[in-house]
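To start, the structure itself, in structure tokens.
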Amino acid sequence: MTIDHDVSNESEQNLRKYRLIEETFPPDHLWSIQITWRDPAKHGIGHQIMVEEGYAWPGTVAVASDSHSNIYGGVGCFDTAIVRSDAASVLATSTIFWQVPPIAKITFTGILPPGVTGKDAIIALCFLLKSDVLNMCVEFTGSEQTLASIPISERLTIANMTTEWGALSGLFPVDDTLISWYHARATIAAMSDSPTKDRINHKRIDELLESPLAADPGATYAKEFYLNLSTLSPFVAGPNSVKVANPVAKLETQDIAIDRAYLLSCTNGRSTDLAAAARVFREAGTDGKPAKVHPRVKFYLAPASMAEQRMAEEAGDWQGLLKEGEVGISASNRNYKGRMGSPKALCYLASPEVVAASALKGQIASPGWYLKPEGVEKVIVGEGTGDFVVDKARSIEDGSEKIIGEMESMISAAEGAAEEAASPTAA
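Just so you know, full-length UniProt numbering puts the end of the sequence shown at 427, numbered straight through with nothing missing.
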């Protein structure tokens, strides 16, 4: 069992709550499933612990009573959220029943340009495709080169926010990028003699390659879309909705002042996110000293786990709520009215880099890392796989099948009418 997002709260009231949970579910009780407790206070957000300690594993199925359980799909683990009554049923019976939902295939093409992140990709999908994958399971795919441009930390962000997109899950493939990421973590676990080595080790990783999980050739989907990553730029969602978004370059011209900035949560609280924000501060500084947060802005930081904080500390990258009328920008995953305080406040979502740059300037801003590819004027997204030849061939094939089907129906109807006319009339 892992704990919720309030893990940094060491107040006696919160610690008492965690002790009560542990007393209610003692590991030595005869449960229908094995219960492993993680150290509650400050150990880490549940989703992050499940991934970094190897409980959510590629090619397996997991469930959790939190809507952002979709995040496990970033490491090839199929997961979907369940309600608390279903969670109680799992604890009692170790089984769960699903109705298989429709599947939507999202093909990524191109590569992420410098200065563009997974957060920008998922914000763009939420904005451009709205509710097209509502109550569907999403399968992300793309060429080896395309997927190699999406680091695992960015895949976790994308999978996490498929919840905001309306999907039941968001699954990435088990590819070379993921295998390399796991091998690196296995080496660290072995060298540090971490208990994690029982779950993340080279033997177990090699077993993933023996029977890789992949869709069948010619598999059909309820819907298919593609997104050309090369055409993306840094995006900001809001205010107060992920279905409203604009390029940060457009918002920079509007001088939207902010009061608070947040770099935290299971979406963007990893060491890579903290490193990106730290780089923004360093590059904006002078005389070798990092720049200061704008005097009007309150900047909140919290790691996704203690392990991620330690990595940020070793790299030198680690050194609230909105009130009525205030404006905030956050690297978290939700910004509907009232989510972060007063319903009369405005909240935007963006990447860690944009959040850090905004905290520095006191208004929505970009660090200036984005390099616009030559010839790109808009985000390219559409139905199909993004491969014109394949999509055209499939369209012709589908059209032919439809015509043949209609002809067969017409023939059947005509034959039925002829047989009816030839039948003797009943006396």
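We put the CB at the ideal spot given by N, CA and C, even for glycine. Just so we're clear, the structure is a prediction, and the values are computed from it rather than from any experiment.
Should residue i go down as buried or exposed, given a rule of 16 or more other Cβ atoms within 10 Å for buried?
{"i": "Val-297", "result": "buried"}
{"i": "Asp-206", "result": "exposed"}
{"i": "residue 499", "result": "The structure shown has nothing for residue 499, since the chain only spans 1 to 427."}
{"i": "Ala-426", "result": "In this predicted model, Ala-426 has a pLDDT of only 42, less than 50, meaning its place in the structure is not dependable enough to derive any value."}
{"i": "Arg-16", "result": "exposed"}
{"i": "Leu-264", "result": "buried"}
{"i": "Arg-19", "result": "exposed"}
{"i": "Asn-135", "result": "exposed"}
Mapping the DSSP letters down to three states, classify residue i as helix, strand or coil.
{"i": "Asp-79", "result": "strand"}
{"i": "Glu-374", "result": "coil"}
{"i": "Ile-45", "result": "coil"}
{"i": "Ala-365", "result": "coil"}
{"i": "Ser-169", "result": "strand"}
{"i": "Asn-196", "result": "Before going on, a small fix: residue 196 reads as Thr here, not Asn. Correct three-state label for Thr-196: helix."}
{"i": "Arg-16", "result": "helix"}
{"i": "Glu-10", "result": "coil"}
{"i": "Phe-97", "result": "coil"}
Could you give the residue range of the beta strand (DSSP E) that holds residue i?
{"i": "Arg-260", "result": "260–263"}
{"i": "Gly-382", "result": "381–383"}
{"i": "Ala-124", "result": "From DSSP, Ala-124 is part of no beta strand (DSSP E) but of the alpha helix (DSSP H) over 118–128."}
{"i": "Val-133", "result": "Counting along the chain, Val-133 falls outside any beta strand (DSSP E), and DSSP gives it neither H nor E."}
{"i": "Val-90", "result": "Careful: Val-90 lies outside any beta strand (DSSP E), inside the alpha helix (DSSP H) at 84–93."}
{"i": "residue 428", "result": "Since the first residue shown for the chain is 1 and the last is 427, residue 428 is missing from the structure and cannot be characterised."}
{"i": "Ala-214", "result": "Segment: none, Ala-214 is in no beta strand (DSSP E) and carries neither H nor E."}
Going by CA-CA distance only, name the one from the options that's closest to residue i.
{"i": "Ser-149", "options": "Pro-58, Ala-167, Ser-65, Ala-121", "result": "Ala-121"}
{"i": "Asp-198", "options": "Ile-82, Ile-123, Thr-80, Glu-53", "result": "Glu-53"}
{"i": "Asp-66", "options": "Asp-79, Arg-282, Pro-58", "result": "Asp-79"}
{"i": "Trp-57", "options": "His-68, Thr-220, Glu-224, Val-174", "result": "Val-174"}
{"i": "Cys-266", "options": "Thr-162, Ile-45, Ile-123", "result": "Ile-45"}
{"i": "Gln-363", "options": "Ala-345, Ala-261, Ala-312, Arg-279", "result": "Ala-261"}
{"i": "Gly-325", "options": "Ala-345, Val-63, Ala-365", "result": "Ala-345"}
{"i": "Ala-275", "options": "Pro-295, Ala-249, Gln-254, Ala-302", "result": "Ala-302"}
{"i": "Val-376", "options": "Cys-77, Ser-233, Glu-314", "result": "Ser-233"}
For the alpha helix (DSSP H) containing residue i, list its first residue and its last residue.
{"i": "Glu-210", "result": "202–210"}
{"i": "Ile-179", "result": "176–191"}
{"i": "Ala-148", "result": "144–148"}
{"i": "Ala-56", "result": "Here Ala-56 belongs to no alpha helix (DSSP H), and DSSP marks it neither H nor E."}
{"i": "Glu-154", "result": "152–160"}
When you compare the CB of residue i with every CB in chain C, is at least one pair closer than 9 angstroms?
{"i": "Ala-222", "result": "Note that chain C does not occur in the displayed structure, where there is just one protein chain."}
3 or more residues per run - each beta strand (DSSP E) lying fully within the segment 286–353: Listed in chain order, the complete beta strand (DSSP E) runs (minimum 3 residues) inside the segment 286–353 are 298–301, 327–330, 346–349.
Contiguous alpha helix (DSSP H) assignments of at least 4 residues, all confined to the segment 216–283: Segments of the alpha helix (DSSP H) lying fully in the segment 216–283: 248–252.
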